[in-house]
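Only one structure is covered here, and it is reproduced in the block below.
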Amino acid sequence: MRVLFCEDEPTVRKLIELSMRGTRHECRVVADGVEALELMRRWQPDVVVTDVVMPHLGGVELAAAVRADPDLRDVRVVLMTASMDGESLEGTVPPGWLAGRLRKPFGPAALRDLLDSLDPNA
Amino acid sequence: MADTDTDTLTRRVRTLELALRETRQHLRTVFDSSPLGIFTAGLDGRLLTANPALERMLGLEPDHEVTRYFVDDLVHPDDLDAVLAALRRLEAGEAERLAIEKRCRRPAGGCFWARLTASVVTTEEARCFIAMVEDIDERRKVDAAMESITARMESLNRAKSALVASVSHEFRTALTGIQGFSELMRDQQLEPGEVRELAADINSEARRLARLIDDMLDLDRLESSGVPLRRQRVDVNRLLESTSDRVRRNVTGHRVELRPAGDLPAVEADLDRLTQVVSNLLSNAVKYSPAGSLIELASRPFEDGVRVTVRDHGPGIPPADLERVFDPYTRLEREIRSQVAGTGLGLAIVREIVRMHGGRVWAENAPGGGAALIVELPVSAAAQERESDLEKGSAGPVL
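Going line by line, the protein sequences match chains A and B.
At position 65 of the first sequence (counting the first as 1) the number is 65 in the working numbering, and the numbers step up by one without a gap.
At position 300 of the second sequence (counting the first as 1) the number is 1300 in the working numbering, and the numbers step up by one without a gap.
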């Protein structure tokens, strides 16, 4: 699968890059929602795994932009949540928008398991 | 027979007159002794009668001629339109009774909140208004105090939620590094160099958590005034020099340029706390400006105090955030945008320490770009305490 990660925290970005090393997935990591949206249009990932609180364009807004774009209709969105935002998202994200949710803190195994669960070829 | 009838009739009339007098007397007693103010007024608004309770409320002498007043004279100007409109509705028969809370005006000056209940009655002579007035000033004050307390509680509750969200976010982010990197070390074959690098990352994240806890506890102690200041005469220029040396040794490559004033008076201050102020301001400048850029650290005297300015050459502060950068646990766009880890409490700690010294701190966007954080401190401890007292709203000692 093509997986795009969007995370503004350098520590978490590094963890993602190391965790995905050696997996069968093709991965890209960006630091910002706007950058993620641009790359998605060019690169057409299968899954985007995004942080919620980010500059310029947050994870929820990114998910909304994906839903609104006919060219990105098939991209599945996973949110990485920290703080209480996991709970407060309930009212803001319509059901069916998200393919999954990854709660921080997480380790490499949880990340790989999540992607395997979304991979039709797994 | 005719005489007997006449006598009987006379007795009956006297009995009725007596009964009428008693009824009038009874009503008069009720009218005079009612704790509520009662008045009648013509449809033109002129007062016809007023009981002693109303006279007391309005500050009128007992023998005051109430008929010289109109309702207009006794209602606060800001509330007059509403009261007159309500009376017109009564007069037109659109309402049977009105009950409103408005301010009454005393002819001799002053006003009070009152609950006014009125209706229109028809007497033998004419139609008129009859109204009862209850002084609710005390209740309104209690209500206002309760509203203020409720607003404060809601504000504290929001601050608490922001704190929980912010702290939780910081902890979960740092823990993601600690948990994730340690899992990698446990489960994967890594080069020795990679192991050392991940161990360093884990160490760095653990230290970040420790800093967060230290800052939270420090801010809590400062805010609850649990920290006494150990004042001494402080040479601010020397303090700026020694603190800026630490930044120069930092890895970010920022250049710190000192611009000390030559004639700067010493300040009676807690040296450690003032060092913390300058250090936090410099850390903030480092955090929000590009690596290798210039940070200017200037001092100059002002009135009976000293002003310190830390200016960076970063993107500046969005105008909407200028007032809020010193608020703790407030996630701002610039905070999120920053790629340098921090607890987000440094400037809140600065504000508390400066406040304890009777000074003030604020943020500006410098002409030509970048942000400037400016601290002003009174020179003497006495002036600091006076400023601090004034800030608290109490009169300080006269010097």
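All C-beta atoms in this analysis are idealised placements derived from N, C-alpha and C, irrespective of residue type, glycine included.
Keep in mind that this is a model prediction, so the values were computed, not measured.
query: State the start and end residues of the unbroken alpha helix (DSSP H) segment that holds Gln1179(B).; result: Asp1137 to Asp1187
query: Can you pull the chain B neighbours of Glu26(A), defined as C-beta to C-beta under 8 angstroms?; result: Result: empty, since nearest Cβ-Cβ is about 20 angstroms, beyond 8 angstroms.
query: Give the straight-line distance between the Cα atoms of Val1071(B) and Gly1346(B), rounded to the nearest whole angstrom.; result: 60 angstroms
query: Can you check whether the CB of Ser19(A) is closer than 8 angstroms to the CB of Arg112(A)?; result: yes
query: Name the chain A residues that come within less than 7 angstroms of Gln1276(B), Cβ to Cβ?; result: Under the 7 angstroms cutoff, chain A gives no residues; its nearest Cβ is about 26 angstroms from Gln1276(B).
query: Taking a Cβ distance cut-off of 9 angstroms, strictly less, list which residues of the region 1155 to 1175 of chain B are near chain A, in chain order.; result: Ser1161, Val1164, Ala1165, Ser1166, Val1167, Ser1168, His1169, Glu1170, Phe1171, Arg1172, Thr1173, Ala1174 and Leu1175
query: Hey, which unbroken runs of the beta strand (DSSP E) at 3 residues or more fall wholly within the region 1009 to 1049 of chain B?; result: 1037 to 1042
query: Select from Arg28(A), Ser117(A), Thr11(A) and Arg24(A) the residue whose C-alpha is nearest the C-alpha of Leu4(A).; result: Arg28(A)
query: Please check if any C-beta of chain B sits within less than 8 angstroms of the C-beta of Phe5(A).; result: no
query: Would you verify that the beta carbon of Leu124(A) is, or is not, closer than 8 angstroms to some beta carbon of chain B?; result: The requested residue 124(A) is not part of the displayed model; chain A covers only 1 to 122.
query: Taking 8 angstroms as the CB-CB cut-off, is Asp1187(B) touching chain A?; result: yes
query: Are at least three pairs of beta-carbons, each pair with one atom in the region 1256 to 1272 of chain B and one in the region 1230 to 1243 of chain B, less than 8 angstroms apart?; result: yes
query: Is the Cβ-Cβ distance between Glu1296(B) and Glu1257(B) less than 8 angstroms?; result: yes
query: Does DSSP put Ala1348(B) in a helix, a strand or coil?; result: helix
query: Taking just the CA atoms, how far does Leu1047(B) sit from Thr1123(B)?; result: 15 angstroms
query: Taking all protein chains shown into account, decide if Phe1181(B) is buried (16 or more other Cβ within 10 angstroms of its Cβ) or exposed.; result: buried
query: Alpha carbon to alpha carbon, how far is Arg1011(B) from Pro1035(B)? Give it in angstroms, no decimals.; result: 38 angstroms
query: Could you work out which residue in Val60(A), Ala65(A) and Val52(A) is closest to Glu9(A) when comparing CA atoms only?; result: Val52(A)
query: By the criterion of Cβ-Cβ separation under 9 angstroms, what are the contact partners of Gly1177(B) in chain A?; result: Glu9, Thr11, Val12, Lys14, Leu15 and Pro105
query: List, in chain order, every chain A residue whose beta-carbon is nearer than 8 angstroms to that of Glu1183(B).; result: Gly107, Pro108 and Ala109
query: If we define contact as Cβ-Cβ less than 8 angstroms, is Ala36(A) a contact residue for chain B?; result: no
query: In chain order, what residues of the same chain have a beta carbon less than 8 angstroms from the beta carbon of Ala99(A), not counting five sequence neighbours either side?; result: Val47, Arg76, Val77, Val78 and Leu118
query: Please return the same chain residues whose Cβ sits closer than 6 angstroms to the Cβ of Ala1108(B), not counting the five positions on each side in sequence.; result: Gly1059
query: Quick one: does Glu1205(B) have its CB under 8 angstroms from some CB of chain E?; result: In the structure shown, chain E cannot be found, because the protein chains are A and B.
query: Taking Cβ positions, are Glu1101(B) and Ile1149(B) nearer each other than 8 angstroms?; result: no
query: Compile a chain-ordered list of the residues in the region 1096 to 1114 of chain B whose CB is closer than 9 angstroms to at least one CB of chain A.; result: none
query: Thinking Thr1173(B) and Lys14(A) are a contact (beta carbons under 8 angstroms), I'd like their distance in whole angstroms, please.; result: Wrong, their Cβ atoms sit about 12 angstroms apart, outside the cutoff.
query: At a CB-CB cut-off below 7 angstroms, which residues of chain B make contact with Ala63(A)?; result: The premise fails here: Ala63(A) is roughly 18 angstroms from chain B at the closest Cβ pair, so nothing lies under 7 angstroms.
query: What is the DSSP secondary structure of Asp1081(B), reduced to helix, strand or coil?; result: helix
query: Just checking, does the region 1202 to 1214 of chain B make contact with the region 1233 to 1246 of chain B on the three C-beta pairs under 8 angstroms criterion?; result: no
query: Using CA coordinates, which residue listed in Val1120(B), Leu1274(B), Ala1050(B) and Pro1290(B) is at the minimum distance from Arg1355(B)?; result: Leu1274(B)
query: Can you pull the chain B neighbours of Leu114(A), defined as C-beta to C-beta under 9 angstroms?; result: What Leu114(A) touches in chain B: nothing, since even the nearest Cβ is about 13 angstroms away.
query: Comparing alpha-carbon positions, which option in Leu1219(B), Ala1298(B) and Pro1315(B) lies nearest Ser1344(B)?; result: The sequence shown places Gly at residue 1344(B), rather than the Ser named in the question. Of the candidates Leu1219(B), Ala1298(B) and Pro1315(B), the one whose C-alpha sits nearest the C-alpha of Gly1344(B) is Leu1219(B).
query: What residues of chain A sit near Asp1201(B), judged by a beta carbon separation below 9 angstroms?; result: Thr11, Lys14 and Leu15
query: Out of Leu1281(B), Ile1130(B) and Ala1199(B), state which residue places its alpha-carbon closest to the alpha-carbon of Ala1118(B).; result: Ile1130(B)
query: Run down chain B in chain order and give the residues with a C-beta less than 7 angstroms from the C-beta of Leu18(A).; result: Leu1184
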